[in-house]
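Note sheet for the following structure.
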Amino acid sequence: MTPAINVTKKSNVGYKIHEYQHNASSEPYGLAAADKLNVPEAQVFKTLVVSLNNNELAVGIIPVSSMLSMKLFAKIIGAKKAEMATQLETERSTGYILGGVSPLGQKKKLKTIIDSSAKNFTTIYVSAGKRGLEIELCPIDLKKLTNGTFADISQ
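Note that the working numbering gives residue 46 to position 46 of the sequence shown, counting from 1, and the numbers run on in steps of one.
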């Protein structure tokens, strides 16, 4: 069990766990997950940790087929500047390794923005905290569990 699965289990939300054979040489991980699970890339979301101008960290959750717009993200979160957090910052704050960062069960609660496109689906897939493991859940439930906000943050 990962912290993400434990958090989801303790909540009263519907979810499914999906496991697939992860190939360490296949990158990007999110696109590989969509392929292995045979679901549209737009329905599989990656969790990105972002460093803000005030050294604060935040989380952006976007489709694996998209890129995070740092300009939009900074504006929505109320920062002057945003850039990708380092691997060390990401792993220390979340407790997960890159390629397996889940928006759920992170060591530190970070401000979270979920791309609005998630609302186009009944369910979406996010990392369950380990490469080769995904949680399928309703976007509204993800918002509730992360205390997140929906906004247009991808390009």
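Each residue gets a CB set at the ideal place from its N, CA and C atoms; glycine is no exception. None of these values were measured; they are calculated from a predicted model.
Closest by CA to Ala32, which one among Thr47, Ser65 and Gly60? Ser65
Would you mind sorting Gln133 into buried or exposed? The rule is 16 or more other CB atoms within 10 Å of its CB. The sequence as given places Leu at residue 133; Gln does not occur at that position. Under this definition Leu133 is a buried residue.
Could you round the C-beta distance between Val39 and Asp141 to whole angstroms and report it? I think they count as a contact, below 8 angstroms. Not a contact, Cβ separation roughly 17 angstroms.
Just list the beta strand (DSSP E) runs in the stretch 53-125, keeping only unbroken ones of 3 residues or longer that don't cross its boundaries, in chain order. 57-63, 82-84 and 111-115
Grab the span of the alpha helix (DSSP H) containing Ala34 for me, first residue to last. Tyr29 to Leu37
Can you grab the Cα-Cα spacing for the pair Thr149 / Glu19, in whole Å? 27 angstroms
Might you give, ordered along the chain, the residues of its own chain that have their beta carbon closer than 8 angstroms to the beta carbon of Ile135, omitting 5 neighbours on each side? Ala4, Ile5, Thr8, Tyr15, Lys16, Ile17, His18, Ser102, Leu104, Tyr125, Val126, Ser127 and Ala128
Supposed contact pair Ile62 and Ser154 - C-beta distance, whole angstroms, cut 8 angstroms: 4 angstroms
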